[in-house]
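Structure first, then comments.
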Amino acid sequence: SGVRSFEAVEPHERYTDGSKWRFLEHKGPVMAAPYEPLPSNVRFSYDGKSMKLSLGAEEVATFFAKMLDHEYTTKEIFQKNFFNDWRKEMTSEERAKITDLKKCNFNEMAEYFKAQSEARKAMTKEDKLKIKAENERLLQEYGFCIMDNHKERIANFRIEPPGLFRGRGDHPKMGMLKRRIRPEDIIINCSKDSKHPKPPPGTKWKEVRHDNKVTWLVSWTENIQGSIKYIMLNPSSRIKGEKDWQKYETARNLKKCVERLRHQYREDWKSKEMKIRQRAVALYFIDKLALRAGNEKEEGESADTVGCCSLRVEHINLHAEKDGQEFVVEFDFLGKDSIRYYNKVPVEKRVFKNLQLFMENKQPEDDLFDRLNTSILNKHLQELMDGLTAKVFRTYNASITLQQQLKELTNPDENLPAKILSYNRANRAVAILCNHQRAAPKTFEKSMQNLQAKIDAKKDQLAEAKRDLKGAKADLKVRRDEKSKKALESKKKAVERVEEQLMKLEVQATDREENKQIALGTSKLNYLDPRISVAWCKKWGIPIEKIYNKTQREKFAWAIDMADEDFEF
DNA sequence: CTAGAGACTTAGCACAACTCGT
DNA sequence: ACGAGTTGTGCTAAGTCTCTAG
Numbered sequence: 001s002g003v004r005s006f007e008a009v010e011p012h013e014r015y016t017d018g019s020k021w022r023f024l025e026h027k028g029p030v031m032a033a034p035y036e037p038l039p040s041n042v043r044f045s046y047d048g049k050s051m052k053l054s055l056g057a058e059e060v061a062t063f064f065a066k067m068l069d070h071e072y073t074t075k076e077i078f079q080k081n082f083f084n085d086w087r088k089e090m091t092s093e094e095r096a097k098i099t100d101l102k103k104c105n106f107n108e109m110a111e112y113f114k115a116q117s118e119a120r121k122a123m124t125k126e127d128k129l130k131i132k133a134e135n136e137r138l139l140q141e142y143g144f145c146i147m148d149n150h151k152e153r154i155a156n157f158r159i160e161p162p163g164l165f166r167g168r169g170d171h172p173k174m175g176m177l178k179r180r181i182r183p184e185d186i187i188i189n190c191s192k193d194s195k196h197p198k199p200p201p202g203t204k205w206k207e208v209r210h211d212n213k214v215t216w217l218v219s220w221t222e223n224i225q226g227s228i229k230y231i232m233l234n235p236s237s238r239i240k241g242e243k244d245w246q247k248y249e250t251a252r253n254l255k256k257c258v259e260r261l262r263h264q265y266r267e268d269w270k271s272k273e274m275k276i277r278q279r280a281v282a283l284y285f286i287d288k289l290a291l292r293a294g295n296e297k298e299e300g301e302s303a304d305t306v307g308c309c310s311l312r313v314e315h316i317n318l319h320a321e322k323d324g325q326e327f328v329v330e331f332d333f334l335g336k337d338s339i340r341y342y343n344k345v346p347v348e349k350r351v352f353k354n355l356q357l358f359m360e361n362k363q364p365e366d367d368l369f370d371r372l373n374t375s376i377l378n379k380h381l382q383e384l385m386d387g388l389t390a391k392v393f394r395t396y397n398a399s400i401t402l403q404q405q406l407k408e409l410t411n412p413d414e415n416l417p418a419k420i421l422s423y424n425r426a427n428r429a430v431a432i433l434c435n436h437q438r439a440a441p442k443t444f445e446k447s448m449q450n451l452q453a454k455i456d457a458k459k460d461q462l463a464e465a466k467r468d469l470k471g472a473k474a475d476l477k478v479r480r481d482e483k484s485k486k487a488l489e490s491k492k493k494a495v496e497r498v499e500e501q502l503m504k505l506e507v508q509a510t511d512r513e514e515n516k517q518i519a520l521g522t523s524k525l526n527y528l529d530p531r532i533s534v535a536w537c538k539k540w541g542i543p544i545e546k547i548y549n550k551t552q553r554e555k556f557a558w559a560i561d562m563a564d565e566d567f568e569f
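Put into structure tokens, the structure is as follows:
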């Protein structure tokens, strides 16, 4: 099943009728483990008196108890949403009695779960092995499907277990109960002529359908936002790989016409139509700053975040002059996942003047681009180039930046670790462009200190090695024999070795420091044409394992097969 | 054009698994 | 062999974009 062939030049739709497969067979999802009631000695108490909860109410209470040491359980919205949903699961007697969250004591439950997790850590090796074996069995049975002629890995074959919803950022629905998914909620998708997955004994699927226009195997509707969740294939699968390839080919098509498009939107800055000016300025931001498109969101349904088209007046500040630069736009807004975007960018005068115009007579909470949305923008883009949408600019600019940076930063004379540092720096330039941030690792300070200690130790070692070398030189001068000559050689070698080790550590420290709050993974996985990296590795004799781990090599198998050292994005 | 459903990609984080020095 | 620190993986939320109906 590992052998795949791709057309060498252009990715194509496998079928011309829009269907995604002919044959699809799988075992269905793994359901969430059923609720295990608490032992009777673990009690919940209300208003100082212990009280036995009904099974349903107890389960939801344990969700809260498990989260007690997270800061967000102290938030008012979280508590309100939780309590509201919890009460719905109570019996009418419980509901009558439990009316104030502050009077609830979950401590025994919390202690119990802490003890459980300790016990799990302290399990014997055999028991851990047993669990591992069971997981492996589950993976083998449910983790694969047959699509057309290939056995393919499934990405997420487990149904999401129930729990309390925790959105990102300031989410109005945090703390709500994410309910348990039953077989009756689940839609199965497979081919008619396949062996259909069986629902658990005594249950039924909501539906079994045979829709080969879609790629998912299982779906259900989630109760927090009412959106549909899917079980789909792993990125290593044919269907995902071809799609990925296609994405990068579209971005390469953009490369061919991007100068034309840039010229066009610069012209449009002068248009007499407000709508066209807004479109042109937004597109400039998307191109220059790799902003996301910015669809409209329903207010109050999720955290207040924006992208380009949904920017509001309050998200930018205009400075005719700032820090010695003219026409500076200061961006400050929350983007996807409530990650802050903060940037001060000098722009062309004409853009600046347009922004002033767009902001005239508006309140801070008004839309900056009031005549624009993603649908208008994408319709325009579609006319400029086949398959062009706003997000293609992100892919294009990310990939072209990597290629440029690699060209600029790679020094042919440097050794392997130095070259890899260059790669990471090129990758980092992209991550910064795309604003891929992470919380600094909790162990960051300590880990830097450790590394510094290692470096210091290595420096001492080097000084010592150099002293030895000097001694050997002096020896040779005096003795002039073969033995001293050999000794000198070996001391020289030793110095070189330690020098190299020291450099490696210093490179590592630099890399880590620069990476403190930057996440490289997202761009590597989603924005960088893997053929650029494969070509770079081949050109400089870098083993691909230094750049891509096993999972990544599987995902990018198509590119590793395809690209040679002169691949140009 | 608007709203909503649906399908699919992109995202950061928690924790499990592994690695390396002692 | 062990534990601390690092890396990899699973999870699932949060985006983008298309399509359809009114």
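Counting in my numbering, the first sequence runs from 1 upward without gaps. For each residue, glycine too, the CB sits at the ideal point set by N, CA and C. Computed from a predicted structure; not experimentally measured.
With Trp245 as the anchor, note down where its beta strand (DSSP E) starts and where it stops.
Stepping through the first sequence from its first residue, residue 245 is reached at position 245. No beta strand (DSSP E) holds Trp245; the alpha helix (DSSP H) holding it covers 238 to 268.
Please look up how many angstroms separate the CB atoms of Ile532 and Leu402, rounded, as I've assumed it's under 8 Å.
Here residue 532 refers to the residue found at position 532 when the first sequence is read from its first residue. Here residue 402 refers to the residue found at position 402 when the first sequence is read from its first residue. So it is a contact: roughly 5 Å between Cβ atoms.
Count the other CB atoms, across all protein chains shown, that sit within 10 Å of the CB of Val478; report buried if there are 16 or more and exposed otherwise.
Looking up residue 478 in the first sequence gives position 478. With fewer than 16 Cβ atoms within 10 Å of its Cβ, Val478 is classed as exposed.
I need the DSSP call for Gln452, collapsed to helix, strand or coil.
The count along the first sequence starts at 1 and reaches residue 452 at position 452. Helix, per DSSP.
What residue does the beta strand (DSSP E) around Gln552 start on, and which one ends it?
By 1-based counting over the first sequence, the position of residue 552 is 552. Run containing Gln552: none in the beta strand (DSSP E); it sits in the alpha helix (DSSP H), 550 to 555.
Checking 8 Å against the spacing of the C-beta atoms, do Pro162 and Arg137 come in under that value?
Along the first sequence, one-based indexing puts residue 162 at 162. Along the first sequence, one-based indexing puts residue 137 at 137. No.
Met232 vs Leu217 beta-carbon contact at 8 Å
Taking the first residue of the first sequence as 1, we reach residue 232 at position 232. Taking the first residue of the first sequence as 1, we reach residue 217 at position 217. The answer is yes: Cβ separation under 8 Å.
Secondary structure, alpha helix (DSSP H): runs of 4+ residues fully inside the region 103 to 149
107 to 121, 125 to 142
Work out the CA separation of Ser237 and Phe144 for me, nearest whole Å.
In the first sequence, residue 144 corresponds to position 144, counting from 1. In the first sequence, residue 237 corresponds to position 237, counting from 1. The straight-line gap from Cα to Cα measures roughly 10 Å.
To the nearest angstrom, report how far apart Ser1 and Lys198 are at their CA atoms.
Position 1 of the first sequence, counting from 1, holds the residue named residue 1. Position 198 of the first sequence, counting from 1, holds the residue named residue 198. Low confidence applies to Ser1: its pLDDT is 34, below 50, so where it sits in the model is not reliable, and the reading given next is rough at best. Near 25 Å, if we compare the C-alpha coordinates of Lys198 and Ser1.
Give a yes or no on whether the C-beta atoms belonging to Arg312 and Pro235 are separated by under 8 Å.
For the purposes of this step, residue 312 is taken as the residue at position 312 of the first sequence. For the purposes of this step, residue 235 is taken as the residue at position 235 of the first sequence. No, Cβ-Cβ distance for Arg312 and Pro235 is not below 8 Å.
Counting only the same chain and skipping the five closest in sequence on each side, list residues whose C-beta sits under 6 Å from that of Lys66.
If you number the first sequence from 1, residue 66 lands on position 66. If we look at Lys66 and ignore the five residues flanking it on each side, its Cβ neighbours are Phe113.
Can you have a look at Met176 and say buried or exposed, based on whether 16 or more other CB atoms are within 10 angstroms of its CB?
Position 176 of the first sequence, counted from the first residue, corresponds to residue 176. Label assigned to Met176: buried.
Among Thr99, Leu68, Gly241, whose alpha-carbon lies nearest the alpha-carbon of Leu164?
Here residue 164 refers to the residue found at position 164 when the first sequence is read from its first residue. Nearest C-alpha to Leu164: Leu68.
My assumption, with CB atoms under 8 Å, is that Lys458 sits in contact with Leu502. Please give the rounded CB distance.
Along the first sequence, one-based indexing puts residue 458 at 458. Along the first sequence, one-based indexing puts residue 502 at 502. The Cβ separation is near 5 Å, so the contact holds.
My assumption, with CB atoms under 8 Å, is that Asn212 sits in contact with Ser194. Please give the rounded CB distance.
Sequence index remark: in the first sequence, residue 212 carries index 212 (1-based). Sequence index remark: in the first sequence, residue 194 carries index 194 (1-based). About 11 Å separates the two Cβ atoms, so there is no contact after all.
Inside the region 367 to 410 only - alpha helix (DSSP H) runs reaching at least 4 residues:
374 to 384, 390 to 409
Using only CA atoms, which one of Val507, Thr443, Glu408 lies nearest to Asn415?
Position 415 of the first sequence, counting from 1, holds the residue named residue 415. For the residues Val507, Thr443, Glu408, the minimum Cα distance to Asn415 belongs to Val507.
State the Cα-Cα distance for the pair Ala563 and Ala61, rounded to the nearest angstrom.
Position 563 of the first sequence holds residue 563. Position 61 of the first sequence holds residue 61. Going by the C-alpha atoms only, they are around 54 Å apart.
Quick one: complete alpha helix (DSSP H) runs, 4+ long, within the region 430 to 492?
444 to 479
Using three-state DSSP, classify Asp47 as helix, strand or coil.
Mapped onto the first sequence, residue 47 falls at position 47. Three-state DSSP puts Asp47 in coil, outside helix and strand.
For Val306 versus Leu318, is the C-beta distance shorter than 8 Å?
As a first step, residue 306 must be located in the first sequence, where it is residue number 306. As a first step, residue 318 must be located in the first sequence, where it is residue number 318. No, they are not a contact pair.
With DSSP collapsed to three states, give me the class of Asn515.
Position 515 of the first sequence, counting from 1, holds the residue named residue 515. Asn515 falls in the coil class under three-state DSSP.
Between which residues of its own chain and Tyr341 is the CB-CB distance below 7 Å, once the five residues before and five after are set aside?
Your numbering for residue 341 matches position 341 in the first sequence. These residues qualify, in order along the chain: Phe331, Phe333, Gly335, Asn435.
Assumed close pair Tyr396, Val281 - CB separation to whole angstroms, cut-off 8 Å:
The residue labelled residue 396 in the question sits at position 396 within the first sequence. The residue labelled residue 281 in the question sits at position 281 within the first sequence. Their Cβ separation, rounded to whole angstroms, is 19 Å, which puts Tyr396 and Val281 out of contact at 8 Å.
Pick helix, strand or coil for Val42, following the three-state DSSP scheme.
Counting from 1 along the first sequence, the entry for residue 42 is found at position 42. Three-state DSSP puts Val42 in coil, outside helix and strand.
Residue of Thr250, Thr215, Lys103 minimising C-alpha distance to Gly18:
Here residue 18 refers to the residue found at position 18 of the first sequence. Out of Thr250, Thr215, Lys103, Thr215 has the C-alpha closest to the C-alpha of Gly18.
Residues bridged to Tyr341 (per DSSP)
Within the first sequence, numbered from 1, the residue matching residue 341 stands at position 341. Phe333, per the DSSP bridge assignment.
In this structure, how does DSSP classify Val60 when only helix, strand and coil are distinguished?
As a working note, residue 60 is residue 60 in the first sequence. If DSSP states are grouped into helix, strand and coil, Val60 belongs with the helices.
Check for me: the alpha helix (DSSP H) holding Arg168 runs from which residue to which?
Sequence index remark: in the first sequence, residue 168 carries index 168 (1-based). No alpha helix (DSSP H) contains Arg168, which DSSP labels as neither H nor E.
Can you give me the C-alpha to C-alpha distance between Val351 and Pro441, rounded to a whole angstrom?
To locate residue 351, count along the first sequence from 1; it is residue 351. To locate residue 441, count along the first sequence from 1; it is residue 441. Between Val351 and Pro441, the C-alpha separation is close to 39 Å.
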